[in-house]
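With positions in the sequence shown counted from 1, the corresponding number in the working numbering is that position plus 309.
All residues carry an ideal CB built from backbone N, CA and C; glycine is no exception.
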Amino acid sequence: MVFVKDGELVKSNDDILFLNEKQQLHIESPSEEDSGHYTCFAENKVGSAEKNVIVTVLPPPKMMENNRVFEVLENDTRTLECPIKDPSVQIRWLKNGIPIATSPNLQFSTSGHKIHLMHGQVSDSGNYTCVATNEAGEARSNMKVIVLAPPHFKALPNELKVVQGHSKTIRCEVTGAPTPEIEWLKDGQKLDYPMFQSSNNVHYIHIRNATLEDAGNYTCTATNLAGKDSTSSNLKLKLTIPLKTTNKNLKVVTIAVVPSIASSERLVQVKENTTLSLDCVASGNPTPKISWLRNGVLIKSFEGPRLVIEAAQASDAGSYSCEAVNEAGKATANFEVDVFIKPRFKDLESEVRVIEGERARLECKAEGHPPPVITWLRGGRPIETMHNSILSPHGETLMILKSRRSDAGGYSCVAENFAGPAEAPFKLTVLVKPYIEEAIDQNPRVVNNRTIVLRCPVLGISQPKVCLFYKHTNCYRELHYFGVSSESDAGRYTCFAENEAGSLSTDLELEVIVIVKQHNLGPPKWPHDGNLEYEVKVGETVTMDCTFRAEPKPDILWYYKDSPLYLSENKLISSSGEQLTIRGAQLSDGGKYTCKAINEAGSAQVDMQLKVLVPPVIDKSNVIGNPLANAGSSIFLECPVSGIPPPTVKWFREGDEIDPADPRLSVTENNQTFGINNVMIGDEGHYYCLAENKGGYDTQEFDLEVLVAPEMDSHGTQKIVKSEDDNFVLTCPVRKSLENRAPAQIIWYKDNRSIDATVQQNVKLSSDSKKLHIMKATVSDAGNYSCYAFNRAGERHMDFTVEILCRVSKLVIVTVMSLRS
C-alpha cells in the first residue's frame, strides 16, 4: 500500500503519519501546500487497485495590514477598507468592540468590505475593526480613526469694560479635536501674562487693579492639526478723575470712543421680491461713519445705518458687512443674507396620454430656494393611498404602474418651500384599445329576400373609427339589407376599428339560405311575427320560442354558436322542444342560438340573438367624491362606467342636467369625463353623474369645493403710534366671509424677518394667528410689520408701521475737565 501526491511518492515525517497498516494517511496541521491530487495504490498477488482523492486545504483568512491610523477632517468623507483580498470570506465591522449598524453617517459597500464614513464628526472617532471569517477561522484588522475638528469659539463679547482699579476676567471658550493650543494676543502682540488659567475647554485671563495700560484689543487664538481660529474683544477702561479745583480757567477734554455696533439678527432671510433691510446701529465718539460691503466689495451707493434693497432677488444673497469708523478705531458687523425663491416649474407636460395597462409618468420638475417639497393631489385632495402608483425618492415623479380607466382624470402637484406654494395641473387620459363588449354573431344567416343588419358595436377611448368591409369595398359603419339579400351577398365581412391606442379586426361570415319550394310537401316554416332577438338582465330568466308551422309536426333541435346545445342546471328545454329557458342568465350565455325544425317534408332553421344586459357599474376605486379646485384653475370629474349595452352618461348639478353648451364646460371620453375650465366660486355645489342602459343605472356624487385666495377687509399701510411700556395689538384683517371656505395660514414679519412668538418674550400670537400682541413695548419694537395670509390659491398681505415714543426722563450730564497749565 503506497500513497502518491501529484505523481510523487508520499513519505512519512513529523507531520505525515501512516496509520492502520498504511491504509490511512494522517497529516498534522495541514497547510495550503498539502492541497493536491492524492492516489493510494494497493497490490497483492491477485491484482491491484487504486483510489483517487482531491484534497483542498482551506486556509483561515489573512489580513494584509493591521493597526492603521486614519485622520479625517470634520465633515469630510473617508472610506475604510478591510485589507483582505479573498472575496469569499464574510466581513463584519466593529467600533470600540461593538457591532456597527448602518446609519445616515455610516454606509456599507455591497460586499461589506468597505465602510464609508460620511460627513465625519468627532463622535465618529474610535477604534474600528474588520473581522473576516470562513470555515477555517477568522482574522482581524484594527484601524484607529481620528476626526480632526478645527477650533470653534463661543464668541467673545465685542466690548468689555472695566473701571480703573477694579478686576476683570476675559473668558475664551473653544472646542476642537485634537484639543487646540491657546495663545493670547493684546493689540496684535503675543501676551505673556502671569494670570493665564485653563479649565477643560475654557481659558481665562484675570486682570486685577486695572490700569490704562490694560485697555486694548485682546485676541484668543486656537490652533490644532485641523486649523486655526481666533476671537477678539475690546477692553475699555472707565477713568475716574477727581475734580479738586474751582479755577474757572478750564479746558474741556473730548475723549474719543471706539465705535461699537449694537447686536441684531445676523442671519437675515427674506422672500423674493420683498424688501431687504439690514440695520447697523453704531455708537462712538465722534459719530462713526458707516459703510457697507458685499462679499468684501464696497457698496458705493449705500451709506448710513440702514441698507435697503427693494424687490430682493436671488442675486442679492450673500455675505454683507457694515463698518463703523471714527478716529478712535473701527467696528465691523457681518450679515448672511438668504433670499427664498418661490417654486417655479420647468418642462411641464400637463397633458399626459397613456394606453391602458401601460405605465403613466407625471413629471413635476420644480426649482426654488430652498428646494421645494412636492405633494401630489388628485381632484384637489392629497393622494393618501393609491396602490397602483409609486413616487420617486424626492416626490417629483408620480408613476402609475398599470394604468386603468379609473386612473384617468385631473392631478396636480404642489411645490412648497419657505417662499410659498405653487401648483401645476395635469390631465391624465387613459386610452383604451377598440373592443367589443357584447356578444355578436360572427356566423349570421339570413333567408334570401329577407332583411338583415350587420353591425360592428366597437367601443374604445378615444372614440374608434369603425369600418365594415366586404370584398374590399367602401367603409361602412353598418350594412343594412332590406329584403334584397341574395346569394351574392354571402361571404366574409371584416369589422375593423382603430384609435390611437390600437386596432381591432374581426370577421363575420354571412350565409344566405335559399329555400327551394317542393310540391305536395309541407316543410317547416317560420312565422313572420316570430321573435328573433331576446334581451335579459344578468341574473334573470328568459325563454326563447321556436314555433315553426309545419305538418306533420317537426322535431326541434337547439344549437348554441353552431354547436349542439348541452343542457345544464340553468338551461332547460320544454317537453315539446319549442321553448328554451335560461335561468340566472350570465354574460357568457349571450350570443347566437339556433333552433332547427325537421319533418318528413324537409327542414328549416332560424337564428336567434340573446343579449345579456349588464347594468352600469361605476368604478369608484379612484373617484374623488369631494374634489377641491383652486379658483381660476381647471377641474375634471370622472365617471368611469362599464355595462352592456354601453351606458349613456349624463351630468347633473343640484338636480338639473348640465348644458354642455357653456364654453367653460366640457364633456369628453364618451361623456365619462366632465370638465370645468376657469373655475369660479359660483361653480361650488353638488354634482352627480347618471349612467343608464336597459339593464339599470348607477350614480356617483361629487361635492365640489372651490378654494379662493384670502382677502383682506382693508388695504394699504396702517400707522400705529405707541409709547414705551404700552401694550398694543396688531390684527390681520382676513375677511371672515371666506374664512371657512378657504382657511388661510397666517405668518407675521417685522422688518421682513419672520416673528417667532415662542422666542420673543414680549410677543404673543392668538390661537388663529390673526392677532399679534406686543406687551410693554420698547424702542426696539418699532418698525415695519406685515401679516401674510395664504393658501394654495394665493396670498394677500397687510402692512403696519409702528412708532414707539420714548418717555421723558431726567438727564444727568457729566463733563470731564482738566486744568489748563
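Mind checking residue i: buried by the 16 CB within 10 Å criterion, or exposed?
i     : result
Q981  : buried
K320  : exposed
T555  : Confidence in T555 is poor, its pLDDT being 41 and thus under 50, which makes the residue's placement too unreliable to answer from.
D315  : exposed
L326  : exposed
K639  : exposed
P595  : exposed
P680  : exposed
Y1058 : buried
C784  : exposed
I363  : exposed
T1110 : exposed
Q1009 : buried
R1129 : Confidence at R1129 is low in this model, with a pLDDT of 31, below 50, so the placement of that residue is unreliable and no value is reported for it.
T1087 : exposed
N931  : buried
K394  : exposed
D433  : buried
T540  : buried
V958  : buried
T583  : buried
E842  : exposed
N322  : exposed
N758  : exposed
Q410  : Note on identity: in this sequence residue 410 is Ala, with Gln being the wrong assignment. Its Cβ having fewer than 16 others within 10 Å, A410 is exposed.
K780  : exposed
F505  : exposed
H512  : buried
S450  : buried
L1016 : buried
Y629  : buried
Y875  : exposed
Y996  : buried
N509  : exposed
V793  : The predicted position of V793 is uncertain, since its pLDDT is 49 and thus under 50; no value can be drawn from it.
E317  : exposed
Give me the Cβ distance between residue i and residue j, rounded to the nearest whole Å; I'm assuming they're in contact under 8 Å.
i     : j     : result
E658  : E645  : Actually they are not in contact, since the Cβ atoms of E658 and E645 sit about 38 Å apart, beyond 8 Å.
T442  : Q399  : 5 Å
P833  : F805  : Rounded, the Cβ-Cβ distance is 38 Å, inconsistent with contact.
M1084 : C1096 : Rounded, the Cβ-Cβ distance is 18 Å, inconsistent with contact.
L819  : G800  : 6 Å
M452  : T386  : The Cβ separation is near 16 Å, so there is no contact.
E665  : S712  : 6 Å
V1206 : V381  : The first residue shown for the chain is 310 and the last is 1130, placing residue 1206 beyond what the model contains.
W493  : I516  : Going by Cβ atoms, the distance from W493 to I516 rounds to 12 Å, so no, they are not a contact pair.
D588  : R615  : 5 Å
For residue i, list the residues DSSP reports as bridge partners.
i     : result
G435  : V454
T528  : L494, S541
I891  : V851, K880
V1038 : H1082
G900  : L919
R517  : Bridge partners of R517: none, in fact.
Give a yes or no on whether the minimum CB-CB distance between residue i and chain D is below 9 Å.
i    : result
I761 : Judged by its chain identifiers, the structure shown contains no chain D, having just a single protein chain.
Below 8 Å, is the gap between the Cβ of residue i and the nearest heavy atom of the ligand NAD?
i     : result
D1108 : The ligand NAD is not part of the structure shown, which contains no ligands of any sort.
Q: Note down, one range per segment and in chain order, each beta strand (DSSP E) of at least 3 residues found wholly within the region 941 to 992.
A: 944 to 947, 950 to 953, 957 to 962, 974 to 977, 982 to 985
Q) Within the chosen definition, does the region 718 to 730 reach the region 930 to 946 through at least 3 CB pairs nearer than 8 Å? A) yes
Q. Are the region 736 to 745 and the region 805 to 812 in contact at 8 Å, needing three or more beta carbon pairs?
A. Taking a cut-off of 8 Å on C-beta distances, the region 736 to 745 touches the region 805 to 812, as three or more cross pairs fall below it.
Q) Quick one: any contact between the region 897 to 905 and the region 858 to 867, if contact means 3 or more CB pairs under 8 Å? A) These segments touch.
Q.
Between the region 399 to 413 and the region 438 to 448, can you find at least three pairs of beta-carbon atoms closer than 8 Å?
A. The answer is yes - the region 399 to 413 touches the region 438 to 448, with three or more Cβ pairs under 8 Å.
Q. Below 8 Å, can you find three or more Cβ-Cβ pairs linking the region 764 to 777 to the region 692 to 711?
A. no
Q. Is there contact here, the region 659 to 670 with the region 616 to 630, by at least three beta-carbon pairs under 8 Å?
A. no
Q.
Would the region 983 to 997 count as touching the region 1073 to 1084 if we require 3 or more Cβ pairs under 8 Å?
A. Three or more beta-carbon pairs separated by less than 8 Å are not found between the region 983 to 997 and the region 1073 to 1084, which leaves the two stretches without contact.
Q | At least three beta-carbon pairs within less than 8 Å, the region 1024 to 1033 to the region 940 to 952 | A | no
Q: Inspect the CB distances between the region 471 to 491 and the region 520 to 532 and report whether three or more fall short of 8 Å.
A: Segments in contact, yes.
Q. Counting pairs of beta carbons, one from the region 413 to 429 and one from the region 492 to 500, are three or more of them closer than 8 Å?
A. no
Q: Say whether the region 371 to 385 touches the region 340 to 355, bearing in mind that this needs 3 or more beta-carbon pairs closer than 8 Å, one atom from each stretch.
A: no
**Q.** Complete beta strand (DSSP E) runs within the region 701 to 741 (minimum length 3 residues, chain order)
**A.** 706 to 709, 718 to 726
(Q) Going residue by residue through the region 618 to 665, where are the continuous beta strand (DSSP E) segments of at least 3 residues, counting only ones entirely within it? (A) 627 to 635, 638 to 654, 660 to 664
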